[in-house]
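Student: This is the structure I want to talk about, given as C-alpha coordinates.
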Amino acid sequence: MAEPAILYDVKERIATVTFNRPDRLNAFNAETETGLRQAMARAAEDEGVRVIILTGAGRGFCAGADMERLSGAADSRGGNIPREAPTAFAPEARADFRHRYTYFPAIPKPIIAAVNGPAAGLGLVFACYCDLRFAGSEAIFTTSFARRGLIAEYGLAWLLPRLVGPGRAADLLYSARRVAADEAERIGLADRVFPQTLFMPRVLDYAAELANAVSPRSLAVMKRQLWAAMLGGLDEAVTLANEEMRLSFLSADFKEGVAHFVEKRPARFTGR
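All residue numbers for the sequence shown refer to my numbering, where the first residue is 1050 and numbers rise by one.
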(Lines of atoms letter the chains of each structure in order from A and count residues from 1; the text may use other names and numbers.)
(Lines give C-alpha, C1' and ligand atoms only; values in the text may rest on other atoms or scores of the structure.)
Protein backbone atom coordinates (compact mmCIF):
# COMPACT_ATOMS: atom_id res chain seq x y z
CA MET A 1 0.00 0.00 0.00
CA ALA A 2 1.38 3.41 -0.97
CA GLU A 3 2.37 5.86 1.72
CA PRO A 4 -0.01 8.80 2.18
CA ALA A 5 1.13 12.10 0.69
CA ILE A 6 0.54 13.81 4.05
CA LEU A 7 1.39 12.44 7.48
CA TYR A 8 -0.41 13.60 10.61
CA ASP A 9 0.76 13.13 14.18
CA VAL A 10 -0.22 14.66 17.53
CA LYS A 11 1.95 14.59 20.64
CA GLU A 12 1.73 16.79 23.70
CA ARG A 13 -0.69 19.32 22.15
CA ILE A 14 1.43 19.71 18.98
CA ALA A 15 0.15 18.50 15.62
CA THR A 16 2.89 17.78 13.09
CA VAL A 17 1.73 17.80 9.46
CA THR A 18 4.35 16.38 7.09
CA PHE A 19 4.61 16.55 3.31
CA ASN A 20 5.41 12.92 2.53
CA ARG A 21 6.74 12.39 -0.98
CA PRO A 22 10.45 12.37 -0.06
CA ASP A 23 11.54 10.68 -3.28
CA ARG A 24 10.31 13.79 -5.15
CA LEU A 25 11.38 16.36 -2.55
CA ASN A 26 7.72 16.43 -1.45
CA ALA A 27 6.54 17.93 -4.74
CA PHE A 28 2.91 19.00 -4.53
CA ASN A 29 0.19 17.05 -6.33
CA ALA A 30 -3.58 16.54 -6.03
CA GLU A 31 -3.23 13.98 -3.24
CA THR A 32 -1.00 16.37 -1.30
CA GLU A 33 -3.52 19.18 -1.70
CA THR A 34 -6.42 17.08 -0.41
CA GLY A 35 -4.41 15.55 2.42
CA LEU A 36 -3.07 18.92 3.56
CA ARG A 37 -6.54 20.47 3.78
CA GLN A 38 -7.83 17.45 5.69
CA ALA A 39 -4.91 17.48 8.14
CA MET A 40 -5.20 21.22 8.77
CA ALA A 41 -8.96 20.92 9.32
CA ARG A 42 -8.36 18.07 11.76
CA ALA A 43 -5.80 20.09 13.71
CA ALA A 44 -8.01 23.19 13.71
CA GLU A 45 -10.96 21.29 15.16
CA ASP A 46 -9.06 19.22 17.74
CA GLU A 47 -9.25 20.92 21.15
CA GLY A 48 -6.24 18.85 22.20
CA VAL A 49 -4.07 20.60 19.59
CA ARG A 50 -2.67 24.03 20.40
CA VAL A 51 0.17 24.42 17.85
CA ILE A 52 0.66 23.10 14.31
CA ILE A 53 4.03 22.35 12.69
CA LEU A 54 4.23 21.96 8.91
CA THR A 55 7.37 20.21 7.65
CA GLY A 56 8.67 17.81 5.01
CA ALA A 57 9.83 14.20 5.06
CA GLY A 58 13.38 13.41 4.03
CA ARG A 59 15.69 16.18 2.87
CA GLY A 60 13.11 18.61 1.48
CA PHE A 61 10.27 20.81 2.71
CA CYS A 62 8.28 21.07 -0.53
CA ALA A 63 9.79 21.51 -4.00
CA GLY A 64 6.65 23.11 -5.41
CA ALA A 65 4.22 21.68 -7.92
CA ASP A 66 5.13 18.25 -9.25
CA MET A 67 6.92 18.76 -12.58
CA GLU A 68 4.97 15.88 -14.14
CA ARG A 69 1.80 17.86 -13.41
CA LEU A 70 3.32 21.01 -14.91
CA SER A 71 4.47 19.08 -17.98
CA GLY A 72 0.92 17.88 -18.51
CA ALA A 73 -0.35 21.44 -18.18
CA ALA A 74 2.16 22.66 -20.78
CA ASP A 75 1.12 19.93 -23.21
CA SER A 76 -2.59 20.71 -22.82
CA ARG A 77 -2.50 24.51 -22.51
CA GLY A 78 -3.14 24.30 -18.81
CA GLY A 79 -5.89 21.74 -19.14
CA ASN A 80 -4.47 19.52 -16.40
CA ILE A 81 -4.38 22.28 -13.80
CA PRO A 82 -7.64 22.43 -11.81
CA ARG A 83 -9.53 25.64 -12.50
CA GLU A 84 -12.26 25.23 -9.89
CA ALA A 85 -11.18 25.90 -6.31
CA PRO A 86 -12.33 23.41 -3.68
CA THR A 87 -15.04 24.36 -1.21
CA ALA A 88 -13.83 27.13 1.08
CA PHE A 89 -11.83 25.77 4.01
CA ALA A 90 -13.64 28.12 6.42
CA PRO A 91 -16.77 29.54 4.73
CA GLU A 92 -17.26 31.98 7.61
CA ALA A 93 -13.78 33.50 7.23
CA ARG A 94 -13.14 36.78 5.44
CA ALA A 95 -12.97 36.46 1.66
CA ASP A 96 -9.16 36.83 1.66
CA PHE A 97 -8.87 33.46 3.41
CA ARG A 98 -11.31 31.51 1.25
CA HIS A 99 -9.14 31.06 -1.85
CA ARG A 100 -7.54 27.77 -2.79
CA TYR A 101 -4.28 28.14 -0.85
CA THR A 102 -4.91 31.12 1.43
CA TYR A 103 -6.68 29.30 4.25
CA PHE A 104 -3.88 29.05 6.84
CA PRO A 105 -4.79 32.46 8.39
CA ALA A 106 -8.33 31.14 9.02
CA ILE A 107 -6.96 28.42 11.31
CA PRO A 108 -7.20 29.75 14.90
CA LYS A 109 -3.90 28.21 15.99
CA PRO A 110 -0.28 29.18 15.31
CA ILE A 111 1.29 27.35 12.37
CA ILE A 112 5.06 26.98 12.28
CA ALA A 113 6.74 26.14 8.98
CA ALA A 114 9.69 23.89 9.86
CA VAL A 115 11.66 24.33 6.64
CA ASN A 116 14.09 21.43 6.76
CA GLY A 117 15.27 21.63 3.13
CA PRO A 118 14.30 23.16 -0.23
CA ALA A 119 11.11 25.26 -0.20
CA ALA A 120 10.33 26.24 -3.79
CA GLY A 121 7.38 27.67 -5.68
CA LEU A 122 4.16 26.50 -4.09
CA GLY A 123 6.19 25.13 -1.18
CA LEU A 124 7.44 28.64 -0.49
CA VAL A 125 3.87 29.96 -0.76
CA PHE A 126 2.74 27.61 2.01
CA ALA A 127 5.72 28.53 4.18
CA CYS A 128 4.86 32.22 3.79
CA TYR A 129 1.25 31.67 4.84
CA CYS A 130 2.45 30.08 8.08
CA ASP A 131 2.68 32.36 11.12
CA LEU A 132 6.37 31.60 11.68
CA ARG A 133 9.13 30.17 9.51
CA PHE A 134 11.97 28.29 11.19
CA ALA A 135 14.71 26.94 8.93
CA GLY A 136 17.40 24.32 9.22
CA SER A 137 20.86 25.57 8.34
CA GLU A 138 20.74 23.59 5.06
CA ALA A 139 17.36 24.95 3.96
CA ILE A 140 17.02 26.68 0.59
CA PHE A 141 14.26 29.08 -0.46
CA THR A 142 13.32 30.03 -4.02
CA THR A 143 10.24 31.43 -5.73
CA SER A 144 11.14 29.54 -8.94
CA PHE A 145 8.15 30.89 -10.92
CA ALA A 146 10.03 33.14 -13.36
CA ARG A 147 12.26 30.21 -14.38
CA ARG A 148 9.16 28.19 -15.31
CA GLY A 149 7.44 30.93 -17.29
CA LEU A 150 4.95 31.45 -14.47
CA ILE A 151 3.93 34.39 -12.27
CA ALA A 152 3.75 35.20 -8.54
CA GLU A 153 1.18 32.63 -7.53
CA TYR A 154 -1.60 32.54 -4.96
CA GLY A 155 -1.17 35.97 -3.41
CA LEU A 156 2.61 35.83 -3.02
CA ALA A 157 2.92 39.25 -4.71
CA TRP A 158 0.92 40.66 -1.77
CA LEU A 159 2.44 38.55 1.01
CA LEU A 160 6.15 38.46 0.18
CA PRO A 161 6.69 42.28 0.29
CA ARG A 162 5.14 42.28 3.76
CA LEU A 163 7.73 39.77 4.92
CA VAL A 164 10.90 41.04 3.25
CA GLY A 165 10.03 44.47 1.79
CA PRO A 166 9.11 45.45 -1.78
CA GLY A 167 12.62 45.57 -3.25
CA ARG A 168 13.68 42.23 -1.86
CA ALA A 169 10.37 40.69 -2.91
CA ALA A 170 10.99 41.94 -6.46
CA ASP A 171 14.51 40.47 -6.39
CA LEU A 172 13.28 37.07 -5.18
CA LEU A 173 10.42 36.95 -7.68
CA TYR A 174 12.24 38.34 -10.73
CA SER A 175 15.46 36.35 -10.37
CA ALA A 176 14.01 33.18 -8.80
CA ARG A 177 17.46 32.77 -7.25
CA ARG A 178 18.21 30.33 -4.46
CA VAL A 179 18.35 31.86 -0.99
CA ALA A 180 20.32 30.06 1.72
CA ALA A 181 19.04 29.87 5.29
CA ASP A 182 21.38 32.52 6.69
CA GLU A 183 20.32 35.08 4.08
CA ALA A 184 16.66 34.12 4.55
CA GLU A 185 16.98 34.95 8.25
CA ARG A 186 18.79 38.21 7.51
CA ILE A 187 16.10 39.49 5.13
CA GLY A 188 13.13 38.29 7.21
CA LEU A 189 12.06 35.34 5.10
CA ALA A 190 13.02 32.98 7.94
CA ASP A 191 12.38 33.96 11.56
CA ARG A 192 15.00 31.66 13.07
CA VAL A 193 17.68 29.31 11.76
CA PHE A 194 18.83 26.28 13.74
CA PRO A 195 21.73 23.89 13.05
CA GLN A 196 20.48 21.07 10.84
CA THR A 197 21.34 18.34 13.35
CA LEU A 198 19.34 20.09 16.09
CA PHE A 199 16.60 21.46 13.88
CA MET A 200 13.44 19.54 14.75
CA PRO A 201 14.21 19.31 18.50
CA ARG A 202 14.59 23.13 18.57
CA VAL A 203 11.35 23.62 16.63
CA LEU A 204 9.53 21.24 18.97
CA ASP A 205 10.94 23.04 22.03
CA TYR A 206 9.52 26.33 20.76
CA ALA A 207 6.18 24.73 19.86
CA ALA A 208 5.99 23.15 23.33
CA GLU A 209 6.45 26.58 24.91
CA LEU A 210 3.47 27.90 22.94
CA ALA A 211 1.43 24.78 23.67
CA ASN A 212 1.95 24.85 27.43
CA ALA A 213 3.07 28.23 28.72
CA VAL A 214 0.69 30.69 27.02
CA SER A 215 -3.07 31.02 26.63
CA PRO A 216 -4.47 29.30 23.51
CA ARG A 217 -7.28 31.86 23.57
CA SER A 218 -4.71 34.67 23.46
CA LEU A 219 -2.91 32.98 20.57
CA ALA A 220 -6.11 32.67 18.54
CA VAL A 221 -7.07 36.30 19.14
CA MET A 222 -3.58 37.64 18.41
CA LYS A 223 -3.35 35.63 15.19
CA ARG A 224 -6.64 37.15 14.09
CA GLN A 225 -5.38 40.62 15.05
CA LEU A 226 -2.11 40.24 13.15
CA TRP A 227 -3.76 39.14 9.91
CA ALA A 228 -6.50 41.77 10.21
CA ALA A 229 -3.86 44.45 10.75
CA MET A 230 -2.08 43.42 7.55
CA LEU A 231 -5.34 43.90 5.67
CA GLY A 232 -6.60 47.06 7.39
CA GLY A 233 -5.60 50.36 8.95
CA LEU A 234 -4.59 51.62 12.39
CA ASP A 235 -8.11 52.69 13.36
CA GLU A 236 -9.43 49.22 12.62
CA ALA A 237 -6.57 47.61 14.58
CA VAL A 238 -7.17 49.79 17.66
CA THR A 239 -10.94 49.26 17.54
CA LEU A 240 -10.48 45.50 17.32
CA ALA A 241 -7.90 45.52 20.13
CA ASN A 242 -10.22 47.48 22.42
CA GLU A 243 -13.06 45.01 21.92
CA GLU A 244 -10.81 41.98 22.32
CA MET A 245 -9.30 43.46 25.49
CA ARG A 246 -12.78 43.80 26.97
CA LEU A 247 -13.58 40.19 26.14
CA SER A 248 -10.24 38.94 27.46
CA PHE A 249 -10.99 40.40 30.91
CA LEU A 250 -14.07 38.15 31.01
CA SER A 251 -12.18 34.97 30.04
CA ALA A 252 -11.10 32.08 32.22
CA ASP A 253 -7.61 32.27 30.69
CA PHE A 254 -7.21 35.85 31.97
CA LYS A 255 -8.12 34.73 35.50
CA GLU A 256 -5.66 31.84 35.20
CA GLY A 257 -2.97 34.12 33.79
CA VAL A 258 -3.14 36.29 36.91
CA ALA A 259 -3.56 33.37 39.30
CA HIS A 260 -0.57 31.32 38.16
CA PHE A 261 1.67 34.40 38.30
CA VAL A 262 0.55 35.32 41.83
CA GLU A 263 0.73 31.72 43.05
CA LYS A 264 4.09 31.12 41.34
CA ARG A 265 3.06 27.88 39.64
CA PRO A 266 2.85 26.61 36.05
CA ALA A 267 -0.13 27.88 34.08
CA ARG A 268 -3.16 25.68 33.44
CA PHE A 269 -4.79 27.48 30.52
CA THR A 270 -7.94 25.98 29.03
CA GLY A 271 -8.51 28.28 26.05
CA ARG A 272 -11.77 29.52 27.55
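Glycine is no exception: its CB is placed at the ideal position from the N, C-alpha and C atoms.
On the criterion of 16 or more Cβ atoms from any shown chain inside 10 Å, does Ser1193 qualify as buried, or is it exposed?
Tutor: buried
Student: Assuming Ala1106 contacts Phe1068 under a Cβ cut-off of 8 Å, what Cβ separation, rounded to an integer in Å, is found between them?
Tutor: 6 Å
Student: The beta strand (DSSP E) with Thr1065 in it runs from where to where?
Tutor: Ile1063 to Phe1068
Student: Over what stretch of residues does the alpha helix (DSSP H) that includes Phe1298 continue unbroken?
Tutor: Leu1283 to Phe1298
Student: State yes or no: is the beta carbon of Arg1295 nearer than 9 Å to at least one beta carbon in chain B?
Tutor: Absent from the structure is chain B; it holds one protein chain and no more.
Student: In terms of residues, what are the limits of the alpha helix (DSSP H) holding Phe1310?
Tutor: Ala1301 to Glu1312
Student: According to DSSP, Leu1181 sits in a beta bridge with which residue or residues?
Tutor: Ile1161
Student: Near Leu1280, what residues of its chain come up, given a Cβ to Cβ distance below 8 Å and the 5 sequence neighbours on each side ignored?
Tutor: Arg1143 and Asp1145
Student: Classify Arg1211: buried if its beta carbon has 16 or more other beta carbons within 10 angstroms, exposed otherwise.
Tutor: Classification of Arg1211: exposed, given that the 10 Å Cβ count is below 16.
Student: Roughly how many angstroms lie between the CA atoms of Glu1312 and Gly1185, to the nearest whole one?
Tutor: 38 Å
Student: Is it buried or exposed for Tyr1223, if we count other Cβ within 10 angstroms and need 16 for buried?
Tutor: Exposed is the call here.
Student: Given a threshold of 16 other Cβ atoms within 10 Å of its Cβ, counted over all protein chains shown, does Ala1054 qualify as buried or as exposed?
Tutor: Ala1054 sits buried, since 16 or more C-beta atoms from the chains shown fall within 10 Å of its C-beta.
Student: Distance check for Ala1233 and Leu1253, CA to CA, integer angstroms please.
Tutor: 21 Å
Student: Look at the Cβ atom of Arg1251, then the Cβ atom of Arg1241, and state whether they are nearer than 9 Å.
Tutor: yes
Student: Quick one: Cα of Asp1180 to Cα of Ala1290, how far?
Tutor: Between Asp1180 and Ala1290, the C-alpha separation is close to 19 Å.
Student: Do you know how far the Cα of Lys1272 is from the Cα of Gly1320?
Tutor: In this structure, the straight-line span from the alpha carbon of Gly1320 to that of Lys1272 is close to 14 Å.
Student: Looking at Arg1149 and Arg1099, is the spacing between their C-beta atoms short of 9 Å?
Tutor: no
Student: Do you know whose CA, among Ser1300, Thr1104, Arg1086 and Ala1278, lies nearest Ala1162's CA?
Tutor: Thr1104
Student: Hey, how far is the Cα of Ala1155 from the Cα of Pro1135?
Tutor: Distance between the alpha carbons of Ala1155 and Pro1135 is about 15 Å.
Student: Taking Cβ positions, are Cys1111 and Ala1176 nearer each other than 9 Å?
Tutor: yes
Student: I'd like the list of long-range same chain contacts for Val1263, defined as Cβ closer than 8 Å, with 5 residues on each side in sequence excluded.
Tutor: Ala1316 and Phe1318
Student: Are the beta-carbon atoms of Ile1189 and Gly1166 separated by less than 9 Å?
Tutor: yes
Student: Return the first residue and the last residue of the alpha helix (DSSP H) that Val1270 is part of.
Tutor: It spans Pro1265 to Leu1280 - the alpha helix (DSSP H) in which Val1270 sits, taken as one unbroken run.
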